[in-house]
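Chemist: Protein chains in written order, with my numbering: chain F, 25 to 609; chain E, 169 to 435. In this text, a Cβ means the ideal position worked out from N, Cα and C, and glycines have one as well. For reference, the structure I am asking about is given below.
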């Protein structure tokens, strides 16, 4: 006799009567119930009678936020924690320990645990570490393990890698594909990341690549070759996300020319659309790449040029990299840029070289409202978000902590949704800010739907994980944020303070079907934290294996056996299978 | 001024206390019972202040009228008078680290010795130490490049190393000798039109006085065993020093940092 199969439903939640903003399903503030069962969104009819009911009447319900570009794990972040003890002294929000949470803090570079609590409080459920040096991938994954609650991934730095440049120079695309696939496996990386392609390697020779045509010393390839080469490999591998690029010449007056030339490089490359994305290049922290002028003195905004390009091309997505005018810590694999910052401000500087792969630098920065440069940087970020018409192409980031800490996202939302709020801020800045930017002439105020596109649906689609993340359709992961703000009775444009208050401390954050934040306090850590990485199969190449062995024997300070990140480092992986064996192109 | 006296209880044992509540700002306007209940940290545990001190006296309504007397030796009580803005504190014996740290106003007199980091990042007020001071007197917080901004520190005895590190403004006077690195990095965060701080050392130093000095004035009336090579002798001249004409060798530097500081060493 066959017994009837009994499936026990656990962890059921019914979120009733909230104003739901779910752009992935086109839901724009409708009053709707959202049902959760076993960590997934389900139809409300599927729930048993014992479901926990959350009354979201008069509140906003959105999918959990996704940060597409942040620096929260790995060697340079940890260096930032170590070399800025004063960052903790200036942090009013240090966490005390309890049975549930760990003590910690740091205003711009918080400790790993605190990072997770702060993201969860904002209603964020995924944050992607944007720069992982391959040689230090273990360290990065160790820190990811120590960051509870939120899903994470790490982007593997490949834009200055010796073998990448050698294969590109020799035109060996098959070997390049095999090497990139191997690297992502070895580092458990999610995305192919380029930082100042060629320029960081040139920095090892005391030089830089400030345009896409500057040759890299010794390797004799240009940034153009590297960007096109890796973009091609990325699409042949069918990776979930496109190449994620921090272009050459970051943070210098007049760099918008380099930015637009960079974006034009991949116009002809066929986009692999299986994962649902439309772009083949992601321009990160676009704010730092939209500068006009020839020096800091005649520095002005060219946000409209970047925005016009993105508006008229579908192969690009971007994130902003807002400057929030705080004292913060800059950290990047763009070694020469950090040296430039050090010579500008004479503050302490840390520089590192990562053998055959990349480099990095760190410098504290005080973005001052009194400085015309910093004020214009602030305005450029807001301009970009308002001038780029489709929020599915322009995402919320501060390039944490480079433009400011991610904890400022609610304040940024208030600047985007309220002209009153940004005009009030602008009035406190240098008089050149309104003169050299177009911000005061822009009346657009973003809607909650558009904010949800910038912070949820957009990043999920761009990352190629929109089937699981960034939406509230049945079958998707139950990552949900509820904010105590009534969009029907309160005008966000007129009450920006109320908006900031509601978004700084979510009423509820639900991660993988478990309530982790209630009224801004951590109430559970959940069991669904996962690390995403991309596994492209079918590209094995004996010659590449030979080349890798050769590099390790000749140059690396570790042996090949000690290099790849073991499976045991990743506690709860989400492996995105790609490549031809996974049914790719 | 109203006076509150804290007398250490002789029979009370503890490791190290962090008592940043001992300030006129925190005491004023409270009752004695409330003051006895204020929290001090011992490691990761908190205790009421009254567990360690007998507390008597009268409480002032306003912090500027509040005086606090610590009637004994407390060489393991840290943060006394830290962040205070007004009022007065008299310590009759030794105190531990961070005495008067981040203070903005008022005055502290310590009859005994102070440990390290006294008066760091001080912005105003007076810190007078009749005994010796430890290292990093009037310096910056660890990692910070913004040191003492204002106010006055006077030490009748000797001071340790790195005093006035990253100093921006104010004065530090040491009547005795100092260890190495006096005034190191001073002036790093000084604006282009500000003069920087002033350090006066009546005694001797083994060396590295004014290392990486950017702006500010350092006077040494004793001897420096090893001068920093980054200082250039500009001239030797008689200067009015506290009403007396004294001969000084005047150095500028530190040239390694293109610094515009001045170091006066008695000739």
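Using the beta-carbon of each residue, which ones in chain E are nearer than 9 Å to residue 109 (chain F)?
Modeler: Counting from 1 along the first chain, the entry for residue 109 (chain F) is found at position 85. By Cβ distance, chain E contributes 309, 310, 311, 312.
Chemist: Quick one: give me the first and last residue of the beta strand (DSSP E) that residue 41 (chain F) is part of.
Modeler: Here residue 41 (chain F) is taken as the residue at index 17 of the first chain, counted from 1. Per DSSP, residue 41 (chain F) belongs to the beta strand (DSSP E) from 37-46.
Chemist: Would the stretch 59-72 of chain F count as touching the stretch 532-541 of chain F if we require 3 or more Cβ pairs under 8 Å?
Modeler: yes
Chemist: Consider the Cβ of residue 356 (chain E): report whether some Cβ of chain F lies at a distance smaller than 8 Å.
Modeler: Translated into the one-based positions of the second chain, residue 356 (chain E) becomes position 188. It does; some Cβ of chain F falls within 8 Å.
Chemist: Given a limit of 8 Å on CB to CB distance, which residues of the stretch 351-382 of chain F reach chain E?
Modeler: 370, 371, 372
Chemist: Checking 8 Å against the spacing of the C-beta atoms, do residue 271 (chain F) and residue 283 (chain F) come in under that value?
Modeler: Position 247 of the first chain, counted from the start, is the residue given in the question as residue 271 (chain F). Position 259 of the first chain, counted from the start, is the residue given in the question as residue 283 (chain F). Yes.
Chemist: Relative to the C-alpha of residue 417 (chain E), which candidate in E:222, E:202, E:230, E:400 has its C-alpha closest?
Modeler: As a first step, residue 417 (chain E) must be located in the second chain, where it is residue number 249. When only C-alpha atoms are compared, the closest one is E:400.
Chemist: Listed in chain order, which residues of the stretch 111-139 of chain F have Cβ atoms closer than 7 Å to some Cβ of chain E?
Modeler: So the close ones are 113.
Chemist: Can you pull the DSSP bridge partners for residue 407 (chain E)?
Modeler: What you label residue 407 (chain E) is simply residue 239 of the second chain in a count that begins at 1. In DSSP, residue 407 (chain E) forms a bridge with E:414.
Chemist: Okay, do the stretch 394-408 of chain F and the stretch 317-325 of chain E touch, 3+ Cβ pairs below 8 Å being the bar?
Modeler: no
Chemist: Starting from residue 567 (chain F), follow the beta strand (DSSP E) in both directions and report where the run begins and ends.
Modeler: Sequence index remark: in the first chain, residue 567 (chain F) carries index 543 (1-based). Unbroken run through residue 567 (chain F) is the alpha helix (DSSP H), 566-578; no beta strand (DSSP E).
Chemist: If you draw a straight line from the alpha carbon of residue 326 (chain F) to that of residue 408 (chain F), how long is it in whole angstroms?
Modeler: Mapped onto the first chain, residue 326 (chain F) falls at position 302. Mapped onto the first chain, residue 408 (chain F) falls at position 384. So the two alpha carbons sit approximately 9 Å from each other.
Chemist: Keeping to the same chain, check which residues put their C-beta closer than 7 Å to that of residue 240 (chain E); ignore five residues upstream and five downstream.
Modeler: As a position in the second chain, residue 240 (chain E) is number 72, starting the count at 1. Hits under 7 Å: 175, 176, 260, 261.
Chemist: When you compare the stretch 548-561 of chain F with the stretch 75-84 of chain F, are there three or more beta-carbon pairs, one atom per stretch, that lie closer than 8 Å?
Modeler: no
Chemist: Residue 311 (chain E) to residue 405 (chain F), Cα distance in whole Å?
Modeler: Taking the first residue of the second chain as 1, we reach residue 311 (chain E) at position 143. Taking the first residue of the first chain as 1, we reach residue 405 (chain F) at position 381. Between residue 311 (chain E) and residue 405 (chain F), the C-alpha separation is close to 30 Å.
Chemist: Grouping DSSP H, G and I as helix and E and B as strand, with all else coil, what is residue 486 (chain F)?
Modeler: Stepping through the first chain from its first residue, residue 486 (chain F) is reached at position 462. In this structure, residue 486 (chain F) counts as helix in the three-state DSSP scheme.
Chemist: Where does residue 256 (chain E) fall in DSSP's three states?
Modeler: Numbered from its first residue, the second chain carries residue 256 (chain E) at position 88. In the structure shown, residue 256 (chain E) adopts extended strand secondary structure according to DSSP, grouped into three states.
Chemist: Assuming residue 150 (chain F) contacts residue 170 (chain F) (C-beta within less than 8 Å), just tell me the rounded distance between them.
Modeler: Within the first chain, numbered from 1, the residue matching residue 150 (chain F) stands at position 126. Within the first chain, numbered from 1, the residue matching residue 170 (chain F) stands at position 146. Their Cβ separation, rounded to whole angstroms, is 17 Å, which puts residue 150 (chain F) and residue 170 (chain F) out of contact at 8 Å.
Chemist: Ignore the nearest five residues each way along the sequence and tell me which others in residue 347 (chain F)'s own chain have a CB closer than 7 Å to its CB.
Modeler: As a position in the first chain, residue 347 (chain F) is number 323, starting the count at 1. The answer, listed in chain order, is 311, 391, 398, 401, 402, 405, 427, 428.
Chemist: The alpha helix (DSSP H) that contains residue 78 (chain F), what's its start and end?
Modeler: Counting from 1 along the first chain, the entry for residue 78 (chain F) is found at position 54. Note, residue 78 (chain F): premise wrong, no alpha helix (DSSP H); beta strand (DSSP E) at 76-79.
Chemist: Note down the Cα distance separating residue 285 (chain F) from residue 330 (chain E), rounded to an integer number of angstroms.
Modeler: By one-based count along the first chain, residue 285 (chain F) stands at place 261. By one-based count along the second chain, residue 330 (chain E) stands at place 162. Residue 285 (chain F) and residue 330 (chain E): Cα-Cα distance of roughly 51 Å.
Chemist: Rounded to whole angstroms, what is the Cα-Cα separation between residue 501 (chain F) and residue 248 (chain F)?
Modeler: Here residue 501 (chain F) refers to the residue found at position 477 of the first chain. Here residue 248 (chain F) refers to the residue found at position 224 of the first chain. If I take the Cα positions, the gap works out to 39 Å.
Chemist: For chain E, find out if any of its Cβ atoms is closer than 8 Å to the Cβ of residue 608 (chain F); answer yes or no.
Modeler: One-based indexing of the first chain puts residue 608 (chain F) at position 584. Bear in mind that a pLDDT of 43 at residue 608 (chain F), under 50, signals an unreliable position, so the model cannot answer this.
Chemist: Please confirm whether residue 98 (chain F) and residue 189 (chain F) have their CB atoms less than 8 Å apart.
Modeler: By one-based count along the first chain, residue 98 (chain F) stands at place 74. By one-based count along the first chain, residue 189 (chain F) stands at place 165. No, the pair does not count as a contact, with Cβ atoms beyond the cut-off.
Chemist: In angstroms with no decimal places, state the Cα-to-Cα distance between residue 555 (chain F) and residue 507 (chain F).
Modeler: Within the first chain, residue 555 (chain F) is the residue found at index 531, counting from 1. Within the first chain, residue 507 (chain F) is the residue found at index 483, counting from 1. Answer to the nearest angstrom: the Cα atoms are 26 Å apart.
Chemist: Examine the Cβ distances between the stretch 518-531 of chain F and the stretch 38-53 of chain F and report whether three or more of them are shorter than 8 Å.
Modeler: no
Chemist: Are there three or more Cβ pairs, one per stretch, closer than 8 Å when the stretch 474-486 of chain F is compared with the stretch 418-425 of chain F?
Modeler: yes
Chemist: Alpha carbon to alpha carbon, how far is residue 431 (chain E) from residue 372 (chain F)? Give it in angstroms, no decimals.
Modeler: Translated into the one-based positions of the first chain, residue 372 (chain F) becomes position 348. Translated into the one-based positions of the second chain, residue 431 (chain E) becomes position 263. When rounded, the distance between both Cα atoms is 24 Å.
Chemist: With DSSP as the reference, identify every bridge partner of residue 7 (chain F), one or two as the case may be.
Modeler: This structure cannot settle anything about residue 7 (chain F), because the visible part of chain F is limited to 25 through 609.
Chemist: Only counting the same chain, and skipping five residues up and downstream in sequence, which positions put a Cβ closer than 7 Å to that of residue 222 (chain E)?
Modeler: Looking up residue 222 (chain E) in the second chain gives position 54. For residue 222 (chain E), where only same-chain residues beyond five positions count, the Cβ hits under 7 Å are 175, 177.
Chemist: Expressed to the nearest angstrom, what Euclidean distance is found between the alpha-carbon atoms of residue 91 (chain F) and residue 108 (chain F)?
Modeler: Locating residue 91 (chain F) in the first chain gives position 67, counting from the first residue. Locating residue 108 (chain F) in the first chain gives position 84, counting from the first residue. Going from the Cα of residue 91 (chain F) to the Cα of residue 108 (chain F) covers about 24 Å.
Chemist: The alpha helix (DSSP H) with residue 216 (chain E) in it runs from where to where?
Modeler: For the purposes of this step, residue 216 (chain E) is taken as residue 48 along the second chain, with counting starting at 1. Taken as a continuous stretch (DSSP letters only), residue 216 (chain E) belongs to no alpha helix (DSSP H), being part of the beta strand (DSSP E) at 213-216.
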